[in-house]
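Notes follow once the structure below has been shown.
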Amino acid sequence: MSEKKGVSNLLHFLVVSTGGTIASGEGREGLTPTMTGHDLLKYVPSLSQLGEIDVHDLLFKDSSNMSPLDWKRIAMFLIAQEKRYDAFIILHGTDTMAYTASALSFMIANFTKPVVITGSMQPITQPNTDAIDNIYSSFLFAAAMIRLRQRGITIAFGGQLIHGPRSQKILSHDYTAFTSINYPHLGHIEKGEAILTHRPSLLTPLFHQKEYETFELETSVFLLTLFPGFRARYLEYIVNMEPKAIVIEALGLGGVPHLGESLLPPLKLSQDLGIPVVITTQCVYGGVDLNVYEVGRKTLKMGVISGKDMTREAIITKLMLLLPYVEPYNVEKWLHTNFCDEITLP
Numbered sequence: 002m003s004e005k006k007g008v009s010n011l012l013h014f015l016v017v018s019t020g021g022t023i024a025s026g027e028g029r030e031g032l033t034p035t036m037t038g039h040d041l042l043k044y045v046p047s048l049s050q051l052g053e054i055d056v057h058d059l060l061f062k063d064s065s066n067m068s069p070l071d072w073k074r075i076a077m078f079l080i081a082q083e084k085r086y087d088a089f090i091i092l093h094g095t096d097t098m099a100y101t102a103s104a105l106s107f108m109i110a111n112f113t114k115p116v117v118i119t120g121s122m123q124p125i126t127q128p129n130t131d132a133i134d135n136i137y138s139s140f141l142f143a144a145a146m147i148r149l150r151q152r153g154i155t156i157a158f159g160g161q162l163i164h165g166p167r168s169q170k171i172l173s174h175d176y177t178a179f180t181s182i183n184y185p186h187l188g189h190i191e192k193g194e195a196i197l198t199h200r201p202s203l204l205t206p207l208f209h210q211k212e213y214e215t216f217e218l219e220t221s222v223f224l225l226t227l228f229p230g231f232r233a234r235y236l237e238y239i240v241n242m243e244p245k246a247i248v249i250e251a252l253g254l255g256g257v258p259h260l261g262e263s264l265l266p267p268l269k270l271s272q273d274l275g276i277p278v279v280i281t282t283q284c285v286y287g288g289v290d291l292n293v294y295e296v297g298r299k300t301l302k303m304g305v306i307s308g309k310d311m312t313r314e315a316i317i318t319k320l321m322l323l324l325p326y327v328e329p330y331n332v333e334k335w336l337h338t339n340f341c342d343e344i345t346l347p
């Protein structure tokens with residue numbers, strides 16, 4: 002159902018609503034998604050100038066409740082509608098938006114139309130909401146991408162356009178909650194216009210389109226964060242649970258303690274059991290380099306995999322998509338393969 006009956010030369014957008022803060026109202030136990038996509042667009046009447054807009058309510062979820070199966074559902078829906086529209090706007094909660102953007106980037110990197118994901122830090126009904134600006138900006142960015150024949154999965158937030166697999170939420174309250182990690186922003190809003198400043202050089206899917214209906218996502222991935230005093234037996238316990246992969250947010254450039262509560266024995270055990278271990282960093286920017294310090298080199302000797310400069314969201318979603326199809330000894334090869342500018346390689 003269209004918000005505006007356009008003419009043939011107007012752009013044709015599809016808004017896919019999934020819930021989130023942007024669509025939330027007060028419930029018995031706090032904010033919960035209640036508003037439809039049509040409800041939301043009524044707050045942005047100026048959109049009618051940009052083209053013909055259709056709306057589909059796919060989900061009504063707080064993004065903390067989003068699951069990998071929801072990523073697949075979104076991907077499949079986009080594929081089914083790909084030829085009908087010029088661009089797609091996804092309205093989504095902010096807490097897991099970067100996970101969804103990363104997952105979709107790997108799943109449908111060869112998607113031929115721009116996909117812009119947005120949301121807000123305040124419900125659209127609030128007087129100080131950022132929802133109206135974010136929705137309008139996402140349409141401006143999508144239109145600019147169409148004009149320049151630029152595609153890809155992106156996030157529009159706080160006047161910035163961010164490459165999906167490089168996105169991360171770094172602020173819990175601020176309207177500029179998202180940023181691009183170790184990668185240029187794709188564009189920004191300037192004087193009411195969308196200015197595109199960077200184009201991803203590589204957009205290759207992990208899977209061929211015909212495989213989308215059958216591919217699996219392996220959710221048995223464990224993420225843990227190190228701190229001074231972390232007990233080796235904690236990691237040993239996790240390893241003995243035999244997850245399909247472990248991601249460790251280590252210290253600095255990838256430091257893992259090997260004195261006192263040494264984590265080297267449980268890392269050795271993980272390799273004996275064929276469990277890939279990926280080392281990333283707690284630092285927001287810069288990535289890891291396990292060749293600099295002894296605390297990094299010793300882990301390399303244990304067979305761990307460097308997360309390089311990928312975000313945790315990109316590492317986890319990439320692993321979930323790779324693990325059902327890649328043998329443990331080949332995980333490093335494929336994790337270090339650049340599919341959609343999610344990783345910087347020499």
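FYI, the numbering for the sequence shown is 2 to 347, going by my numbering. We put the beta carbon where it would ideally sit given N, CA and C, even for glycine. All values derive from a computational prediction rather than experimental measurement.
Exercise. Is residue 181 near residue 167, with beta carbons less than 7 Å apart?
Worked result: Yes, they are a contact pair.
For this session: Would you mind reading off the limits of the beta strand (DSSP E) that contains residue 15?
Result: First-last of the beta strand (DSSP E) with residue 15: 12 to 20.
For this session: With DSSP as the reference, please indicate the residues paired to residue 34 in a beta bridge.
Result: DSSP lists 25 as partners of residue 34.
Exercise. Are the region 134 to 143 and the region 43 to 57 touching, with three or more C-beta to C-beta distances below 8 Å?
Worked result: Under the 8 Å Cβ criterion, the region 134 to 143 counts as touching the region 43 to 57, having at least three qualifying pairs.
For this session: Under the assumption that residue 324 contacts residue 219 (Cβ atoms under 8 Å), give the Cβ distance between them as a whole number of angstroms.
Result: About 4 Å; that satisfies the 8 Å criterion.
Exercise. Which whole runs of the beta strand (DSSP E) in the region 187 to 272 are 3 residues long or more, in chain order?
Worked result: Segments of the beta strand (DSSP E) lying fully in the region 187 to 272: 188 to 191, 194 to 197, 222 to 226, 246 to 251.
Exercise. Residue 39 to residue 136, Cα distance in whole Å?
Worked result: If I take the Cα positions, the gap works out to 13 Å.
Exercise. How about residue 187 and residue 162: do their beta carbons lie closer than 7 Å?
Worked result: The answer is yes: Cβ separation under 7 Å.
Problem set entry | Contacting residues, own chain, Cβ-Cβ under 6 Å from residue 32 (five flanking each side not counted) | For residue 32, where only same-chain residues beyond five positions count, the Cβ hits under 6 Å are 25.
Exercise. Along the chain, where does the beta strand (DSSP E) that runs through residue 71 open and close?
Worked result: Unbroken run through residue 71 is the alpha helix (DSSP H), 69 to 82; no beta strand (DSSP E).
Exercise. Between which two residues does the beta strand (DSSP E) harbouring residue 58 extend?
Worked result: In the DSSP assignment, residue 58 falls within the unbroken beta strand (DSSP E) covering 52 to 62.
Exercise. Could you check where the beta strand (DSSP E) with residue 162 kicks off and where it finishes?
Worked result: Counting along the chain, the unbroken beta strand (DSSP E) around residue 162 starts and ends at 161 to 164.
Problem set entry | Close Cβ partners of residue 91 (< 6 Å) along its chain, the five nearest in sequence each way excluded | For residue 91, where only same-chain residues beyond five positions count, the Cβ hits under 6 Å are 17, 118.
Exercise. From residue 116 to residue 234, what distance separates their C-alpha atoms?
Worked result: Using only the alpha carbons, I get a separation of about 44 Å.
Exercise. Taking just the CA atoms, how far does residue 158 sit from residue 177?
Worked result: Their Cα atoms are separated by approximately 7 Å.
Problem set entry | Rounded separation between residue 314 and residue 230 - CA only | In this model, residue 314 and residue 230 are separated by some 26 Å (Cα to Cα).
Problem set entry | Helix, strand or coil at residue 110 according to DSSP, with G and I counted as helix | Coil.
Exercise. What are the boundary residues of the beta strand (DSSP E) that residue 168 is part of?
Worked result: For residue 168, the enclosing beta strand (DSSP E) stretches over residues 168 to 170.
Exercise. DSSP three-state call for residue 102: helix, strand or coil?
Worked result: DSSP places residue 102 in helix when its eight states are reduced to three.
Problem set entry | residue 277 beta carbon less than 7 Å from that of residue 306 | Yes, they are a contact pair.
For this session: Grab me the residues of residue 295's own chain with a C-beta within less than 7 Å of its C-beta, minus the 5 sequence neighbours each way, in chain order.
Result: Excluding sequence neighbours, residue 295 sits near nothing in its chain.
Problem set entry | For residue 84, the nearest candidate out of 36, 99, 12, 65 (CA to CA) | The candidate whose alpha carbon is nearest that of residue 84 is 12.
Exercise. Assuming residue 332 contacts residue 308 under a Cβ cut-off of 8 Å, what Cβ separation, rounded to an integer in Å, is found between them?
Worked result: That belief does not hold up - the Cβ atoms of residue 332 and residue 308 are roughly 12 Å apart, past 8 Å.
For this session: Return the CA-CA distance between residue 339 and residue 319, expressed in angstroms with no decimal places.
Result: Going from the Cα of residue 339 to the Cα of residue 319 covers about 11 Å.
For this session: Tell me, to the nearest whole angstrom, how far the beta carbon of residue 311 is from that of residue 343; I am working on the premise that it is less than 8 Å.
Result: Between residue 311 and residue 343, the beta carbon gap of about 6 Å places them in contact (Cβ cut-off 8 Å).
For this session: Can you grab the Cα-Cα spacing for the pair residue 8 / residue 55, in whole Å?
Result: With a pLDDT of only 38 at residue 8, under 50, the local geometry of the prediction cannot be trusted, and no value is derived from it.
For this session: Classify residue 228 as buried or exposed, calling it buried when 16 or more other Cβ atoms lie within 10 Å of its own Cβ.
Result: Exposed, since its Cβ has fewer than 16 Cβ neighbours within 10 Å.
For this session: Decide if residue 30 is buried, meaning its Cβ has at least 16 other Cβ atoms within 10 Å, or exposed.
Result: By the neighbour-count definition (other C-beta atoms within 10 Å, threshold 16), residue 30 is an exposed residue.
For this session: Reducing DSSP to helix, strand and coil, say where residue 364 ends up.
Result: The displayed coordinates of the chain run from 2 to 347. Any statement about residue 364 would go beyond what the structure contains.
Problem set entry | Per-residue DSSP class, three states only, for residue 149 | The DSSP-derived three-state label of residue 149 is coil.
Exercise. When the distance is taken between beta carbons, is residue 61 closer than 7 Å to residue 34?
Worked result: A Cβ-Cβ contact shorter than 7 Å links residue 34 with residue 61.
Problem set entry | Beta-carbon proximity of residue 28 to residue 63, cut-off 7 Å | With contacts defined as CB atoms closer than 7 Å, residue 28 and residue 63 fail to qualify as a contacting pair.
For this session: Taking only the alpha-carbon atoms, compute the straight-line gap between residue 125 and residue 183 and give it to the nearest angstrom.
Result: Spanning the alpha carbons of residue 125 and residue 183 requires a straight line of approximately 31 Å.
Exercise. For residue 1 versus residue 327, is the C-beta spacing smaller than 7 Å?
Worked result: The displayed coordinates of the chain run from 2 to 347. Any statement about residue 1 would go beyond what the structure contains.
For this session: Return the chain-ordered list of same chain residues with a C-beta closer than 6 Å to the C-beta of residue 10, the five sequence neighbours on each side being excluded.
Result: So no residue of the chain qualifies.
Problem set entry | Contact under 7 Å by Cβ, residue 147 with residue 58 | Cβ atoms of residue 147 and residue 58: not closer than 7 Å.
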